[in-house]
Amino acid sequence: MKKYYSDIMKPIRPFDPKKTPRPNFDLAIDGDSFRKLRSLDIEIGCGVGLHPIRYCQENKDRNLVAIEQTKTKYEKFIKRLERHPVLHNLFPIQADAINWISHFVSSHQVDRYFLLYPNPYPKASQKNLRWANRPFMKFLIETLKPDGHIVFRTNLADYAEETKETLTSYWKLNLASEFTISSSSVPWTHFEKKYLLRGQKCFHLEFSKNS
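Using my numbering, read the sequence shown as starting at 15 and increasing by one per residue.
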């Protein structure tokens with residue numbers, strides 16, 4: 015298999031959330047109520063909403079903020095959502111996830127993040143854009159509750175391996191679970207459905223924060 019990813023992890027520069035543009039809060043819930051939610055999961059780059067809708071249908075006790083930056087994908091997500099009974103535990107948002115989380119999410123507030131099939135940025139010159147390599151990752155981990163989780167999926171073995179190495183060795187998270195997704199399982203996203211139909215392997219990694 016062609017090796018796309020760097021084997022050496024250089025120190026990651028600091029991240030200052032105050033320097034990110036402040037987006038609109040834009041949730042169907044006021045800020046005080048949002049901060050008081052007993053459970054909070056966040057999906058970054060939720061696409062057209064297949065996973066957020068199913069997740070909230072199957073987990074009525076969970077609250078999910080589903081963030082999608084691309085306007086066309088977000089509009090498809092909203093149209094898909096309108097075809098379902100109202101989900102009071104799903105909060106769609108169109109925004110840059112880094113900017114939104116930086117301004118509206120507090121330390122130790124989030125139970126779980128979903129990063130499902132993010133752009134792998136395969137060129138060596140783009141390695142700093144991969145999620146585990148971003149300076150923002152330190153802030154994201156700070157927003158996790160003790161024992162909070164990050165769920166990551168990809169169809170690229172090298173990307174999965176690099177993410178595992180960086181999140182465990184550099185960011186000191188625990189590897190909570192790791193498996194290859196069964197071709198007979200219900201796909202979480204449209205990308206996953208496409209990859210599994212092609213016979214490609216898809217990888218699930220879940221990381222936990224130290225309590």
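Cβ atoms here follow ideal geometry from the backbone N, Cα and C, with glycine treated the same way.
What you are looking at is a predicted structure, and each value in this text was computed from that prediction instead of being measured.
Cβ pair residue i, residue j closer than 8 angstroms
| i | j | result |
| --- | --- | --- |
| Q108 | E82 | yes |
| D125 | D55 | yes |
| S120 | T157 | yes |
| L64 | H218 | no |
| N169 | Y127 | no |
| R144 | C216 | no |
| F39 | F91 | no |
| S53 | R76 | yes |
| I26 | P149 | yes |
| K85 | G61 | no |
| L101 | C70 | yes |
Nonlocal neighbours in the same chain, by C-beta distance under 6 angstroms from residue i, ignoring five residues either side
| i | result |
| --- | --- |
| S191 | E220 |
| K207 | P201 |
| A111 | I58 and I81 |
| G129 | Correcting the residue type first, residue 129 is Leu in the shown sequence and not Gly. Counting only Cβ-Cβ distances below 6 angstroms, and skipping sequence neighbours, we find I58, W145 and F166. |
Any non-hydrogen atom of the ligand MN within 7 angstroms of residue i CB
| i | result |
| --- | --- |
| K141 | Inclusion of the ligand MN in the displayed structure is not the case, the ligand content being empty and no account of it being possible. |
Local Cβ density within 10 Å of residue i, reported as buried at 16 or more and exposed below that
| i | result |
| --- | --- |
| H163 | buried |
| S116 | buried |
| I22 | Bear in mind that the predicted position of I22 carries a pLDDT of just 47, short of 50, making it unreliable; the figure below should be weighed with that in mind. I22 is exposed by the Cβ-count criterion. |
| E89 | exposed |
| A138 | exposed |
| F48 | buried |
| E176 | buried |
| L211 | exposed |
Assumed close pair residue i, residue j - CB separation to whole angstroms, cut-off 8 angstroms
| i | j | result |
| --- | --- | --- |
| N103 | L78 | 6 angstroms |
Contacts around residue i, its chain only, beta-carbon distance under 7 angstroms, and the 5 residues preceding and following it disregarded
| i | result |
| --- | --- |
| K152 | F29 |
| K32 | none |
| S197 | L210 |
Endpoints, the alpha helix (DSSP H) within which residue i is located
| i | result |
| --- | --- |
| G162 | That residue, G162, is in no alpha helix (DSSP H); its beta strand (DSSP E) goes L158 to T168. |
| D172 | A171 to E179 |
| F91 | K85 to E96 |
| F118 | A111 to F118 |
Segment limits, beta strand (DSSP E) that includes residue i
| i | result |
| --- | --- |
| L210 | Segment H204 to L211 is the alpha helix (DSSP H) holding L210; no beta strand (DSSP E) there. |
| Q41 | Looking at the sequence itself, residue 41 is Leu, so the reference to Gln does not match. Per DSSP, L41 belongs to no beta strand (DSSP E) and is neither H nor E. |
| H218 | F217 to S222 |
| A190 | N188 to T194 |
| I81 | L78 to E82 |
| Q108 | L104 to Q108 |
| R126 | V124 to L130 |
Close beta carbons around residue i, own chain, < 8 angstroms, minus the five adjacent residues each side
| i | result |
| --- | --- |
| A4 | No information on residue 4 is available, as it lies outside the stretch 15 to 225 that the chain covers here. |
| K159 | H122, Q123, V124, D125 and K223 |
| N188 | T182, F221, S222, K223 and N224 |
| A174 | F166, T168, F217 and L219 |
| T194 | K215, C216, F217 and H218 |
| W185 | A146, M151, K152 and I155 |
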